[in-house]
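Data first, discussion second: the structure below is written as structure tokens.
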Amino acid sequence: RGYRVQYSAALGPYKGGLRFASNVNLSIIKFLGFEQTFKDALTCLPIGGAKGGSDFSPIGRSDGEVMRFCQAFMTEFHRHIGQDIDCPAGDVGVGGREVGYLYGQYRRIVGAAEFGAMSGKDIKTGGSILRPEATGFGALYFVQHMLQLAGKKLEGAKIAISGFGNVAWGASKKATELGAKVIAISGPDGVVTIPNGMNEEMIDYMLELRASNRNIVAPFAEKFAGTTFTPGKKAWSVKCDIALPCAFQNELNGDDAAELLKNGTWCCAEVSNMGCTPEAIHAFQKAGILFAPGKAVNAGGVATSGLEMTQNCMHISWSGKEVDEKLHFIMASIHDACVKFGKQKDGHIDYVKGANIAGFMKVAQAMLEQGVL
Ligand code: 2IT
Numbered sequence: 083r084g085y086r087v088q089y090s091a092a093l094g095p096y097k098g099g100l101r102f103a104s105n106v107n108l109s110i111i112k113f114l115g116f117e118q119t120f121k122d123a124l125t126c127l128p129i130g131g132a133k134g135g136s137d138f139s140p141i142g143r144s145d146g147e148v149m150r151f152c153q154a155f156m157t158e159f160h161r162h163i164g165q166d167i168d169c170p171a172g173d174v175g176v177g178g179r180e181v182g183y184l185y186g187q188y189r190r191i192v193g194a195a196e197f198g199a200m201s202g203k204d205i206k207t208g209g210s211i212l213r214p215e216a217t218g219f220g221a222l223y224f225v226q227h228m229l230q231l232a233g234k235k236l237e238g239a240k241i242a243i244s245g246f247g248n249v250a251w252g253a254s255k256k257a258t259e260l261g262a263k264v265i266a267i268s269g270p271d272g273v274v275t276i277p278n279g280m281n282e283e284m285i286d287y288m289l290e291l292r293a294s295n296r297n298i299v300a301p302f303a304e305k306f307a308g309t310t311f312t313p314g315k316k317a318w319s320v321k322c323d324i325a326l327p328c329a330f331q332n333e334l335n336g337d338d339a340a341e342l343l344k345n346g347t348w349c350c351a352e353v354s355n356m357g358c359t360p361e362a363i364h365a366f367q368k369a370g371i372l373f374a375p376g377k378a379v380n381a382g383g384v385a386t387s388g389l390e391m392t393q394n395c396m397h398i399s400w401s402g403k404e405v406d407e408k409l410h411f412i413m414a415s416i417h418d419a420c421v422k423f424g425k426q427k428d429g430h431i432d433y434v435k436g437a438n439i440a441g442f443m444k445v446a447q448a449m450l451e452q453g454v455l
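Under our numbering, the letters of the sequence shown match residues 83 to 455, in that order.
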């Protein structure tokens, strides 16, 4: 069964990813679309909010099966999208391969390249350089700003990351580049601890692990000496300074938060959408550690999708440097907006409140300015 929830077009064409995972249902797509609307507003780009997907899971399927599913999905979906109407992209379970098949079927039906009808495309067919890295890179830029304001340092900090997909990969890559140590990654089967932190070879191997399409992280520990796989455990069982949930909603609960706090974690930034349960968020806020919500931290992904749409409209391709600079600027302005709207009387920044108010104000004002929309 396929879904698309077009939440708000007050700021521009509907925009948001497609998720292919067995647990997808209407309720999940609705909350993701709701969050996406405020996230997209935070980027300050002209994009509205939407989300879609299917309970079809590409895990364990052949390329042929995935292609046929994507084509069947787009055969119905094409009538709801378009470069000025709704521009879907990837999310969990929808990466370059799936976007390629979806976009190919769109072109086949409408008979036009219409690059702006989908983002997350391959670079050869109108995609933006850095889009695969953008969610993870943007998250680390946001964390850098948070830490800087709090007088803390990323260099040498120990980071635990959940997942090993596209987002976890980008976050690991940038965290390592910036001098932090990624000491844990996890999958549905358990957690791998990496006492000396990830190196370049390990980061590259994450892509292989994902491409193997088995959804297990255990082979990572078989490949790299000195790392350990613990079945059935989450990344949050590992002692770390910074926790970065990079997988699914509700992947870090109240018990996990208590364990992290007990182990001295002083920052948690949601890179997945709503990665923390309300209990976990309250525990972090009560303990006074740095906490920021997904709609601010992970907005670099959709922001770079917005930049892809701009390049498509202009029929040009920016260099990696240009895209990275724009991404950096966008993440810095999202951080500024969170500080502006989230600053408490005692000077403490409530990033949850800041992100919600900043996003809401933009959407609400656009609706009022355009009459009843
Ligand atoms: O959650 C998200 O922001 C995404 N899956 C990216 C959406 C997009 O349109 O790039």
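Idealized CB from N, CA, C, for every residue including glycine.
Where does residue i fall in DSSP's three states?
i, result
"Thr386", "helix"
"Ala123", "helix"
"Asp323", "coil"
"Val405", "helix"
"Val445", "helix"
"Leu334", "strand"
"Ala374", "strand"
"Lys344", "helix"
"Val192", "helix"
"Cys328", "coil"
"Lys427", "coil"
"Val176", "strand"
"Pro140", "coil"
"Gly164", "strand"
Could you check where the beta strand (DSSP E) with residue i kicks off and where it finishes?
i, result
"Arg101", "Tyr96 to Phe102"
"Gly135", "Gly131 to Ser136"
"Lys240", "Lys240 to Ile243"
Along the alpha helix (DSSP H) that carries residue i, what are the first and last residues, could you check?
i, result
"Cys349", "No alpha helix (DSSP H) contains Cys349, which is instead part of the beta strand (DSSP E) from Cys349 to Ala351."
"Gln88", "Run containing Gln88: none in the alpha helix (DSSP H); it sits in the beta strand (DSSP E), Gly84 to Ser90."
"Gly252", "Asn248 to Glu259"
"Phe151", "Asp145 to Phe159"
"Ile205", "It is not in any alpha helix (DSSP H) - Ile205 carries neither H nor E in the DSSP assignment."
"Thr217", "Arg213 to Leu231"
"Phe366", "Pro360 to Ala369"
Since residue i and residue j are thought to touch, with beta carbons under 8 Å apart, how far apart are those beta carbons, to the nearest angstrom?
i, j, result
"Ile265", "Thr275", "6 Å"
"Gly279", "Lys255", "So it is not a contact: roughly 12 Å between Cβ atoms."
"Ala362", "Gly346", "Ala362 to Gly346, Cβ: 16 Å. No contact."
"Leu124", "Ala440", "6 Å"
"Lys444", "Leu93", "7 Å"
"Ala171", "Met200", "7 Å"
In the segment 259-316, which residue ranges form an unbroken beta strand (DSSP E) of at least 3 residues, counting only runs that do not cross its ends? 263-269, 272-275 and 310-313
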